[in-house]
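Numbering (our numbering), first residue to last: 24 to 205. Down below is the structure, laid out as structure tokens.
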């Protein structure tokens, strides 16, 4: 009888250990030591098929922790590949998702470390502006890195703007930009 109890305790412990490993692998670490000299900008393409225009600029956060994100333009995400030469936004792959979260359940703004790394509108809110007005916001993101060769680096990837039903309506690649531009 005590063998069964011991077995159940060991099995429960293993299950909890496995669960904690799975949960821990889905939580993004805060990035540190970002390069204060680097600024990246992605300009949306000038396409006849959409009226969506704008840009996103990202640079090192305070004390080089995380990054600061300036958005000028409904849903927008960093994707896992650059925009191909033909300008097809569907060629950019899925959202940047280093920890294989896969956006299920949906991103919770109150727990941004559990979201896909590239899920900017899920972590910081959707874009909304009335009529012909531009949308503009500045916020910190503690889970992206501007340092090449780090897991959370976005500088060689793309920005994709989505409609509420996830149709991709415009996109652009990140490029290093002069610091004096912003």
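Where a beta carbon is used, it is the ideal one built from N, C-alpha and C, also for glycine.
Going by CA-CA distance only, name the one from the options that's closest to residue i.
i	options	result
residue 200	91, 80, 189	80
residue 61	71, 161, 76, 84	84
residue 67	96, 175, 82	96
residue 202	76, 71, 173, 82	82
residue 78	72, 150, 125	150
Just how far apart, CA to CA, sit residue i and residue j?
i	j	result
residue 49	residue 59	28 Å
residue 198	residue 65	6 Å
residue 170	residue 185	27 Å
residue 74	residue 142	22 Å
residue 108	residue 194	12 Å
residue 86	residue 53	13 Å
residue 20	residue 63	As shown, the chain starts at 24 and ends at 205. That puts residue 20 outside it, with no answer to give.
residue 147	residue 72	27 Å
residue 70	residue 114	16 Å
residue 76	residue 156	12 Å
residue 172	residue 140	16 Å
residue 174	residue 160	26 Å
Since residue i and residue j are thought to touch, with beta carbons under 8 Å apart, how far apart are those beta carbons, to the nearest angstrom?
i	j	result
residue 135	residue 158	Going by Cβ atoms, the distance from residue 135 to residue 158 rounds to 20 Å, so no, they are not a contact pair.
residue 91	residue 187	Rounded, the Cβ-Cβ distance is 27 Å, inconsistent with contact.
residue 57	residue 168	6 Å
Short check: CB of residue i to CB of residue j, under 8 Å?
i	j	result
residue 191	residue 112	yes
residue 94	residue 55	no
residue 196	residue 105	yes
Counting only beta-carbon atoms, is residue i nearer than 8 Å to chain B?
i	result
residue 62	In the displayed structure, chain B is absent; only one protein chain is listed.
Is the segment 126-135 touching the segment 169-184, taking contact as three or more C-beta pairs under 8 Å? no
The segment 85-103 / the segment 114-121 touching (three or more Cβ pairs under 8 Å): yes
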